[in-house]
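Engineer: Residue 0 is where the sequence shown starts when you use numbering that gives the first Met the number 0, and the numbers rise one by one after that.
No residue lacks a Cβ here, since even glycine has one placed at the ideal position from N, Cα and C.
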Amino acid sequence: MSEQPAHPAQPAHPVQPAPPAQPAPTKPVQALIVVDMQSAFVTGDGAVPDAARVLDRTTDLITRARAAGALVIQLQNDGEPGSVDEPGTPGWRIHLPADTDRGERVLRKTVDDGFEETELARLLADAGVHDIAICGVQSEMCVLATARTALELDFRVVLPHDAHATYDIPAAEGISDAVPAAMVSRVAEWALGDEVEIVARARSVEFTAFTKP
């Protein structure tokens with residue numbers, strides 16, 4: 000997760016206003032999993048190109064999840080020494096703080112998959128959660144890996160297209176031209192197959208309170 004592109008980071012795209020809420024194409028979810036929204040990836044020169052947009056959409060998702068009484072869990076990547084997300088460095092910090100007063104948790108991890116060697120599966124099960132939404136960075140790495148394991152564990156997964164992001168892939172001589180970040184994100188969605196529910200707008204995701212069994 001901590002590996003950065005070899006080329007200079009592009010400036011963040013200006014955030015576009017969220018479109019009006021659309022009728023939700025799916026039933027509400029009981030939990031929101033926010034993946035690696037850490038300062039290194041969403042602020043400054045090293046931010047993903049669409050940092051402003053993913054911050055805006057993620058903030059909206061968190062706000063509405065809290066208002067509905069849904070479970071909000073954030074994942075935080077522990078990078079290697081010297082990396083931009085090395086524990087304890089400014090870039091490692093969660094950019095959208097968890098609301099500990101309402102019991103929100105931040106789960107630290109060292110690999111892409113947010114379920115591996117963390118309490119994520121247990122926390123969801125203890126809360127009686129079956130339906131989750133996932134957002135954050137990076138699309139083809141930690142977002143993809145976490146969503147894939149969630150599907151394997153029989154969670155229903157909703158992935159709002161405008162609430163996850165990544166970096167451009169630089170050109171590789173003899174292999175390919177540069178691949179824009181938006182295309183990388185779309186391919187990550189496609190790689191999850193037809194089990195995941197992809198919605199175009201974060202505003203289409205509706206939340207409901209989790210109920211402990």
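Under DSSP, the alpha helix (DSSP H) around residue 130 begins and ends at which residues?
Structural biologist: Element bounds for residue 130: not the alpha helix (DSSP H) but the beta strand (DSSP E), 130-136.
Engineer: Judging by CA-CA distance, which residue of 95, 77, 74 and 177 is the nearest neighbour of residue 61?
Structural biologist: Looking at the Cα atoms, 95 is the closest of the given residues.
Engineer: Anyone know if the C-beta pair for residue 29 and residue 130 falls short of 7 Å?
Structural biologist: yes
Engineer: Rounded to whole angstroms, what is the Cα-Cα separation between residue 135 and residue 104?
Structural biologist: 16 Å
Engineer: Count the other CB atoms, across all protein chains shown, that sit within 10 Å of the CB of residue 116; report buried if there are 16 or more and exposed otherwise.
Structural biologist: exposed
Engineer: What are the partner residues of residue 104, as DSSP defines its beta bridges?
Structural biologist: Residue pairing from DSSP places residue 104 in a beta bridge opposite 72.
Engineer: With C-beta atoms as the reference, is residue 126 less than 7 Å away from residue 206?
Structural biologist: no
Engineer: Going by C-alpha distance, which of 211, 163, 158 and 188 is nearest residue 49?
Structural biologist: 163
Engineer: Alpha carbon to alpha carbon, how far is residue 214 from residue 77?
Structural biologist: The question about residue 214 has no answer here: the residues shown for the chain are numbered 0 through 212.
Engineer: Rounded to the nearest angstrom, what separates residue 36 and residue 173 at their Cα positions?
Structural biologist: The alpha-carbon atoms of residue 36 and residue 173 are separated by roughly 34 Å.
Engineer: Measure the alpha-carbon distance for residue 201 versus residue 150 and round it to whole angstroms.
Structural biologist: 20 Å
Engineer: Just tell me which of 147, 148 and 161 has its CA closest to the CA of residue 58.
Structural biologist: 161
Engineer: Rounded to a whole number of angstroms, what is the C-alpha to C-alpha distance between residue 41 and residue 147?
Structural biologist: 23 Å
Engineer: Bridge partners for residue 172 per DSSP, in chain order?
Structural biologist: Looking at the DSSP assignment, residue 172 forms no beta bridge with any residue, so it has no partner.
Engineer: Among residues of its own chain, excluding the 5 on either side of residue 20, which ones have a beta-carbon nearer than 6 Å to its beta-carbon?
Structural biologist: Its pLDDT being 43, under 50, residue 20 is placed unreliably by the model, and the measurement read from it follows with that caveat. Same-chain partners within the cutoff: 202.
Engineer: Indicate whether residue 98 and residue 91 have their beta-carbon atoms separated by less than 7 Å.
Structural biologist: no
Engineer: Restricting to Cα atoms, I'd like to know which of 64, 193 and 185 is closest to residue 199.
Structural biologist: Cα-wise, what sits closest to residue 199 is 185.
Engineer: For residue 138, is the classification buried or exposed, using 16 other Cβ atoms within 10 angstroms of its Cβ as the cut-off for buried?
Structural biologist: buried
Engineer: Since residue 30 is in the beta strand (DSSP E), which residue starts that stretch and which ends it?
Structural biologist: 30-34
Engineer: Would a C-beta distance cut-off of 7 Å place residue 74 and residue 34 closer than the cut-off?
Structural biologist: Yes.
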